[in-house]
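*Asks:* I'd like to ask some things about the structure below.
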């Protein structure tokens, strides 16, 4: 019989909640939530391309209504700006404001510190292997959905 503590979904969920709680505490000084950080990260990583709210919903595995509300809050904080797409007036293109870039860069340092802390219990090769394994699990599950 499988040990309750070693069930993959339970361990993954527990690790996720611990990581998210720690990240939320670190981000408190920035005023961001982890999901807001994730939106800023995607926008920062896609500066040269244009991301719509639909794109962001897909990238964050969220629905468009949640993203629209989140975008309203980020815009009110002057972290992002939304503009109509010149080629499709129904589509809004989202990008970071200068303030959004500054807040993101500071938050990114905090995120990297947390990642290093979380992975510090592994030698570098095991850390990389864990990340590769989680990537494969994600790809495998996406292929089955």
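In the working numbering, the protein residues as written are 1 to 145. Ideal placement from N, C-alpha and C gives every residue a C-beta, glycine not left out.
Is it true that the CB of residue 43 sits closer than 8 Å to the CB of residue 51?
*Replies:* Yes, the pair counts as a contact, with Cβ atoms nearer than the cut-off.
*Asks:* Relative to the alpha-carbon of residue 35, which residue among 29, 60, 18 and 120 has its alpha-carbon at the smallest distance?
*Replies:* Among 29, 60, 18 and 120, the Cα nearest to that of residue 35 belongs to 60.
*Asks:* Determine the direct distance from the alpha carbon of residue 130 to that of residue 141, and round the result to whole angstroms.
*Replies:* Approximately 17 Å between the Cα atoms of the pair.
*Asks:* DSSP three-state label for residue 66, please.
*Replies:* Reduced to three states, the DSSP call for residue 66 is helix.
*Asks:* If I follow the unbroken alpha helix (DSSP H) through residue 7, where does it start and stop?
*Replies:* From DSSP, residue 7 is part of no alpha helix (DSSP H); its letter is neither H nor E.
*Asks:* Give the secondary structure of residue 60 by DSSP, where H, G and I count as helix, E and B as strand, and everything else as coil.
*Replies:* Residue state, collapsed to three classes: coil.
*Asks:* Across which residues does DSSP place residue 147 in a beta bridge pair?
*Replies:* This structure cannot speak to residue 147, because the chain is shown only from 1 to 145.
*Asks:* CA-CA distance, residue 92 and residue 68?
*Replies:* Between residue 92 and residue 68, the C-alpha separation is close to 11 Å.
*Asks:* Could you please give the first and the last residue of the uninterrupted alpha helix (DSSP H) stretch that includes residue 136?
*Replies:* Segment 124 to 143, the alpha helix (DSSP H) holding residue 136.
*Asks:* Assign residue 75 to one of three DSSP states: helix, strand, or coil.
*Replies:* In the structure shown, residue 75 sits in a helix (DSSP, three-state: H, G or I).
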